[in-house]
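Using our numbering, you'd call the opening residue of the sequence shown number 6 and step up by one each time.
Structure first, then comments.
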Amino acid sequence: MSGLLGKLSPVRRVAGDDLPLFNVDQASLELQGYPRRDKQRLSATLADLLIPVEGSTSDHHHHQALDSWSSVPTSSASPSLFVLSFNDLSYSVKIRKKFELFPCQGKSASDGNGSAVNTKVLLNGISGEARDGEIMAVLGASGSGKSTLIDALANRIAKESLRGSIALNGEVLESSLLKVISAYVMQDDLLFPMLTVEETLMFSAEFRLPRSLSKKKKKARVQALIDQLGLKSAAKTIIGDEGHRGVSGGERRRVSIGIDIIHDPIILFLDEPTSGLDSTSAFMVVKVLQRIAESGSIVIMSIHQPSYRILGLLDRLIFLSRGNTVYSGSPANLPRFFSEFGHPIPENENKTEFALDLIRELEDSPEGTKTLVEFHKQWRMKQTSSLNINNNNASRQNQNRNTNVSLKDAISASISRGKLVSGSTSDSANLTSSVSTFANPYWIEMIVIGKRALLNSRRQPELFGIRLGAVLVTGIILATIFWKLDSSPKGVQERLGFFAFAMSTTFYTCAEAIPVFLQERYIFMRETAYNAYRRSSYVLAQSIISIPSLIVLSISFAATTFWAVGLAGGGNGFLYFFLTILASFWAGSSFVTFLSGVVSHVMLGFTVVVAILAYFLLFSGFFISRDRIPLYWIWFHYISLVKYPYEGVLQNEFEDPTKCFARGIQMFDNSPLGQAPEAVKMRLLSSMSGVLGINLTAETCVTTGIDILKQQGIGNLGKWDCLWITIAWGFFFRVLFYFTLLIGSKNKRR
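What follows is the structure, given as structure tokens:
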């Protein structure tokens, strides 16, 4: 397939037929930036492009579909399958401001809570329509409402906040159906930096294309899309970021478009796709959008200030000014419109630049753009009246060419031509009532998410390496400080300190998970907003793939410290110590992952995690026993994540009733008498024996491990109960993380 730099062949051979794609002279004019005259409507879809590549008999229905559509006339009056109409869209937000000490006259009314309420209108009665095969562009200065209108059409504004109606082929467009048949390209390029262009598109194909499509066909589809996007030379290049050199800005933008059109959607929304690009890259991006529209899609985009060449690729324009429509119609009618308004456009000046400059001047005037808004309404009414009076049959046919095509039939016909691949798994006859919401089952989604995450991790080994290094350094420091602890009362205190620090350290080292999801948050929101995969699949996949790394960290820490410190229990004791460390890592990473779904800023997330983990350690039972905690704080003791692994490893260490930790004169070690001569201590033991009636010698065991556990207030739960509770905390926070994503990632305006 030829590239997108204008090297378009006048004839393309598909299924044995020569289908004219562009007139040679017209294509040459287009490359020079001149607008199109007659456009090929309903030309080959992405599925059509794959036919010569795949060459399989299973695609026979695509050949038949092409044959049936190849006879469609190429004039501009050829029938549209889809018309997206919107009428009287209005949207406003309330802005609350605190009262000033001396509010000036004319201040907005109070809402009863000490705040002034101002209402800002973002959309004010916007109407229009967009057809498949065409590009509709929304223009205006910053703050004019361009992105708001795109969000309204893409169902990214809550229904209770948006007034007006949106219909596809005259039928109300349900949210569930819109997610399947449409795609939304955000203004920011949200991509994984360490994946190549081909890998990024391939993962998108595995998400959006059904399992029934073979791996070979998915790869062929990706290659066809790479050709269509003009990305062949960058296919093996990583996306890149600030620290890694990757593709150019224009290529990155085309990749962002590609991942959302891999399933060949019927409607494509784009929020300023040319923002931040040079004129050549911007023209290439819009040229790609032109090809997408010609494949039978509705393309609606916002754009700040198109160049003359880009203007020649657009079919419909809507100019907005502070939420009002100041012009809607064909780019060709712009000169006549402003000429009748009394501000003719000079011959050698860019039409859109002149229009936007004039709109800005009017916005700065006392009356604003009110006169232009009213003139546009009258001008549109006059255009409609003139059309009815002339009674032009061709025009009337053009106006009504879609009225007889129901949404169900239009979608069925579109699928028969190979579009909307993810939706083709459903019964097309009942597509509008029973939509295939997701292209793949749970387990496929989990495999793809896991494979992508592992590939990202493999490309950035330093991230896990730093965490492993931190765990090993911490383990070595603890092993050398607490080297071969004895069983004296002093050794008991040191063991308690070791366990408290070791358990809290496992939780603190989990804080590195905070930026992981925060970096993926908006990629996740973009992918789930239009049903690339389920939120539950993401949570499950991320949970499963985290376990191997946690096992490595746990073995490293346990092996570094257990034998060096001289902990009790032998092989069984080591196994339990390792499992407790693993459970702590699991619970800690789950807790931090949950917080990353709640907190949207990295530094704020670290602050919250460090503070809460400090509270967990304070109430764990190490600094103050459970019996000494005030009743109004005892609840915090039971929700402390550090409490359960801490109590578990203490029981693992001191559960042997035959092991003694204080004999005879050792009972004085932690008292003021600890520095007294041994002879004095022996005389004290003799005196105590006479008073207590017990023979106390230097070898008499006075403190066992059970006594130590009682002193620490431990004994209500067994060590295995503590282990299971720690693991259960991990699952609990993963469930909370899922509900956080379910509630907090709707990505809709209120």
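C-beta: ideal position from N, C-alpha, C; glycine also.
Given the structure is predicted, the values throughout are model-derived calculations rather than measurements.
### Query
Under a Cβ-count criterion, where at least 16 other Cβ atoms within 10 Å of its own Cβ denotes burial, should PHE503 be classed as buried or exposed?
Numbered from 1 along the sequence shown, position 498 holds the residue referred to as residue 503. When all chains shown are included, PHE503 counts as buried.
### Task
Could you tell me the distance, in whole angstroms, from the CA atom of TYR543 to the CA atom of MET451?
Locating residue 543 in the sequence shown gives position 538, counting from the first residue. Locating residue 451 in the sequence shown gives position 446, counting from the first residue. TYR543 and MET451 have their alpha carbons spaced roughly 7 Å apart.
### Query
Is ILE244 near PRO198, with beta carbons less than 7 Å apart?
Along the sequence shown, one-based indexing puts residue 244 at 239. Along the sequence shown, one-based indexing puts residue 198 at 193. Yes, they are a contact pair.
### Message
Pop quiz: LYS724 and GLY653 are said to be a contact at Cβ under 8 Å. What is the actual Cβ separation, rounded to whole angstroms?
### Response
Taking the first residue of the sequence shown as 1, we reach residue 724 at position 719. Taking the first residue of the sequence shown as 1, we reach residue 653 at position 648. About 5 Å separates the two Cβ atoms, so the contact holds.
### Query
Can you give, in chain order, each stretch of the alpha helix (DSSP H) that sits fully within the stretch 499-547 and has at least 4 residues?
519-534
### Message
Under DSSP, the alpha helix (DSSP H) around TYR4 begins and ends at which residues?
### Response
The question about residue 4 has no answer here: the residues shown for the chain are numbered 6 through 755.
#### Entry: GLU134 to GLY251 span [Cα, whole Å]
Stepping through the sequence shown from its first residue, residue 134 is reached at position 129. Stepping through the sequence shown from its first residue, residue 251 is reached at position 246. Straight-line Cα distance between these residues: approximately 39 Å.
### Message
By the three-class DSSP mapping on this structure, what secondary structure does HIS249 have?
### Response
As a working mapping, residue 249 is identified with position 244 in the sequence shown. DSSP places HIS249 in strand when its eight states are reduced to three.
### Task
Determine the closest residue to GLY578 out of SER95, ALA564 and ILE644, with distance taken between C-alpha atoms.
Numbered from its first residue, the sequence shown carries residue 578 at position 573. Considering only alpha carbons, the answer is ALA564.
### Query
Do the CB positions of ALA546 and GLY455 come within less than 7 Å of each other?
For this step, residue 546 is matched to residue 541 along the sequence shown. For this step, residue 455 is matched to residue 450 along the sequence shown. Yes, the pair counts as a contact, with Cβ atoms nearer than the cut-off.
### Message
Mapping the DSSP letters down to three states, classify GLU176 as helix, strand or coil.
### Response
For the purposes of this step, residue 176 is taken as the residue at position 171 of the sequence shown. Three-state DSSP puts GLU176 in a strand.
### Message
In this structure, how does DSSP classify PHE666 when only helix, strand and coil are distinguished?
### Response
The residue you call residue 666 lines up with position 661 of the sequence shown. Three-state DSSP puts PHE666 in a strand.
### With 16 other Cβ atoms within 10 Å as the buried cut-off, status of GLY575
As a first step, residue 575 must be located in the sequence shown, where it is residue number 570. Per the 10 Å Cβ criterion, exposed.
### Query
Buried or exposed: where does TYR649 fall if 16 or more other Cβ atoms within 10 Å of its Cβ makes it buried?
Here the question's residue 649 lines up with position 644 in the sequence shown. Classification for TYR649: buried.
### Message
So, at 8 Å on beta carbons, what are the nonlocal neighbours of SER561 in its own chain, with the 5 sequence-adjacent residues on each side left out?
### Response
Along the sequence shown, read from residue 1 onward, the residue named residue 561 stands at position 556. Counting only Cβ-Cβ distances below 8 Å, and skipping sequence neighbours, we find LEU473, VAL476, LEU477 and GLY480.
### Task
Closer than 8 Å by C-beta to PRO349: which residues in its own chain qualify, once you throw out the five before and the five after it? Chain order, please.
Walking along the sequence shown from the start, residue 349 turns up at place 344. Here the set comprises PRO340 and PHE343.
### Task
Assign VAL685 to buried or exposed, taking buried as 16 or more other Cβ atoms, counted over all protein chains shown, within 10 Å of its Cβ.
As a first step, residue 685 is located in the sequence shown; it is residue number 680 there, counting from the start. Around the C-beta of VAL685, fewer than 16 other C-beta atoms lie within 10 Å, and the residue is accordingly described as exposed.
### Message
For ILE719, count the other beta carbons within 10 Å of its own beta carbon; 16 or more makes it buried, fewer makes it exposed. Which is it?
### Response
The count along the sequence shown starts at 1 and reaches residue 719 at position 714. That one is buried.
### Query
Would you say ASP265 and VAL331 are within 7 Å of each other, going by their C-beta atoms?
Sequence index remark: in the sequence shown, residue 265 carries index 260 (1-based). Sequence index remark: in the sequence shown, residue 331 carries index 326 (1-based). Not a contact, by the Cβ cut-off of 7 Å.
### Query
For the beta strand (DSSP E) that PHE324 lies in, which residues bound it at each end?
What you label residue 324 is simply residue 319 of the sequence shown in a count that begins at 1. 321-326 is the extent of the beta strand (DSSP E) around PHE324.
### Message
Rounding to the nearest angstrom, what Cα-Cα distance links LEU322 and ARG365 in this structure?
### Response
Sequence index remark: in the sequence shown, residue 322 carries index 317 (1-based). Sequence index remark: in the sequence shown, residue 365 carries index 360 (1-based). If you take the alpha carbons of LEU322 and ARG365, they lie about 17 Å apart.
### Message
So, for VAL293: in the same chain, excluding its five sequence neighbours on each side, which residues have a beta-carbon less than 8 Å away from its beta-carbon?
### Response
Mapped onto the sequence shown, residue 293 falls at position 288. Taken in chain order, the residues that qualify are LEU9, GLN233, LEU234, GLY235, ARG259 and ILE262.
### Query
Is the beta carbon of VAL291 sitting closer than 7 Å to the one on ALA240?
The residue labelled residue 291 in the question sits at position 286 within the sequence shown. The residue labelled residue 240 in the question sits at position 235 within the sequence shown. In this structure, ALA240 does not lie closer than 7 Å to VAL291 by Cβ.
### Contained alpha helix (DSSP H) runs [length at least 4] in the stretch 160-247, N- to C-terminal order
180-186, 202-213 and 220-234
### Contact set for ASP674: own chain, Cβ-Cβ below 7 Å, skip 5 residues either direction
Sequence index remark: in the sequence shown, residue 674 carries index 669 (1-based). Apart from sequence neighbours up to five positions away, the residues of its chain that approach ASP674 with a beta-carbon distance below 7 Å are SER493, PRO494 and LYS495, ordered along the chain.
### Message
Among the candidates GLU165, CYS665, VAL227 and VAL126, whose CA atom is the shortest distance from the CA of LEU714?
### Response
Here residue 714 corresponds to residue number 709 of the sequence shown, with the count starting at 1. That would be CYS665, whose Cα lies nearest to the Cα of LEU714.
### Segment limits, alpha helix (DSSP H) that includes LEU412
Taking the first residue of the sequence shown as position 1, residue 412 is located at position 407. Note, LEU412: alpha helix (DSSP H), 412-421.
#### Entry: Residues bridged to GLY334 (per DSSP)
Counted from its first residue, the sequence shown places residue 334 at position 329. Per DSSP, LEU322.
### Boundaries (first-last residue) of the alpha helix (DSSP H) holding SER307
Counting from one through the sequence shown, the residue named residue 307 turns up at place 302. Where SER307 is concerned, there is no enclosing alpha helix (DSSP H), although the beta strand (DSSP E) it sits in stretches over 303-307.
### Message
Output needed for ILE171: all residues of its chain with C-beta closer than 7 Å, excluding positions within five of it in sequence on either side, in chain order.
### Response
The residue given as residue 171 occupies position 166 in the sequence shown. Within the same chain, ILE171 has close Cβ partners PHE91, LEU158 and LEU178.
### Query
How would you label LYS184, buried or exposed, when you count the other beta carbons within 10 angstroms and need 16 or more for buried?
Position 179 of the sequence shown, counted from the first residue, corresponds to residue 184. Buried: at least 16 other Cβ atoms inside 10 Å.
### Which listed residue (LEU697, LEU722, ALA360 and VAL521) has its alpha carbon closest to that of LEU144
On the sequence shown, residue 144 is found 139 positions in, with the first residue counted as 1. Checking every option, the nearest Cα to that of LEU144 belongs to ALA360.
#### Entry: Beta-carbon proximity list for HIS381, same chain, < 7 Å, skipping 5 on both sides
Reading the sequence shown from its first residue, position 376 is the one you call residue 381. Take HIS381, set aside five residues on each side of it, and the residues of its chain with a beta-carbon closer than 7 Å to its own are THR330, VAL331 and TYR332, in chain order.
### Message
Count Cβ pairs between the stretch 549-556 and the stretch 629-643 that sit closer than 8 Å; are there 3 or more?
### Response
no
### Query
ILE482 lies in the alpha helix (DSSP H); which residues open and close that run?
As a first step, residue 482 is located in the sequence shown; it is residue number 477 there, counting from the start. ILE482 -> alpha helix (DSSP H) spans 466-486.
### Task
Use the C-beta contact count for THR566: other C-beta atoms within 10 angstroms, 16 or more gives buried, fewer gives exposed.
One-based indexing of the sequence shown puts residue 566 at position 561. Buried: at least 16 other Cβ atoms inside 10 Å.
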